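Take my numbering: the last position of the sequence shown gets the number 188, and nothing is skipped along the way. The C-beta atom is built at its ideal place from N, Cα and C for all residues, glycine as well. Since this is a predicted model, take the numbers as computed values, not measurements. Input: a single structure, listed below in structure tokens.
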Amino acid sequence: MSGLLSGLLITLPSLVEAFTGETAATSFFLALSPAFSLPLLVALHRRQAAVTGRFGEAAHVVNLIGLGLFGGAAFAANLVLFHFDEDVIDENLTGPTIPALIGSAAVFAVGCALFGTAMVRARVFPRVPSWSYATALPLFAFLIALPDSLFTSALHIVVGATLTWLAVDLWRPGGAADRAARSA
């Protein structure tokens, strides 16, 4: 359930932002999404762990750490920095803050690429969201800092749809994930 909520908390506000731009309400919901992604990541890993082996375990750990770091940065950006003037933000984002934010995005991107690769290789989940996890989520980590545009809204929607699709696939008894897990 949390994975579905995570995907919807990205997709629905992003659909609104495509027409209205960023608002306090959309930022609030986007800030909560990473917290609901953590249980999804654990459930995805557990479903495919028998097939992915050590590589999948390492990918899961890096992705989990990256999600924690990036989720914290997204929470701060959407709930704290959103309400500050650009001048105040520029004045206060000094010292180690920028390298720390870039490092958080880098760990998240690497973790998503590795975990997505594990999903693609395992063939436990549908190919489209597995490939999207491996490619769109790492891209998302770095392009999130771009000014709001239709492109960034579309990327948010792709990421939200990917998480939603994977969450729904976990619910399907006898689906592709169950068949692959049984055959392993």
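Rounded to whole angstroms, the Cβ separation of PHE86 and PRO38 is 15 Å, and the two are not in contact under 8 Å. Across the structure, GLU26 and LEU150 are spaced so that their CA atoms are roughly 13 Å apart.
When DSSP states are grouped into helix, strand and coil, ARG176 belongs to the coil group. Collapsing the DSSP output to three states places ARG51 in a helix.
Looking at ALA126, GLY164, SER41, the one whose alpha-carbon comes closest to that of ALA54 is ALA126. Contact annotation: ALA122 and THR56 have beta-carbon atoms nearer than 7 Å. Here the C-alpha atom of PHE88 lies approximately 47 Å from the C-alpha atom of PRO177.
Burial state of ALA113 is buried, judged by a 10 Å Cβ sphere holding 16 or more other Cβ atoms. By the Cβ rule, the region 60 to 67 does not count as touching the region 90 to 99, because fewer than three pairs are nearer than 8 Å.
Looking at the backbone, the Cα of ARG131 and that of VAL124 are separated by about 6 Å. Counting only runs that start and end inside the region 101 to 150, there is no beta strand (DSSP E) element of at least 3 residues. Per DSSP, reduced to three states, the secondary structure at GLY57 is helical.
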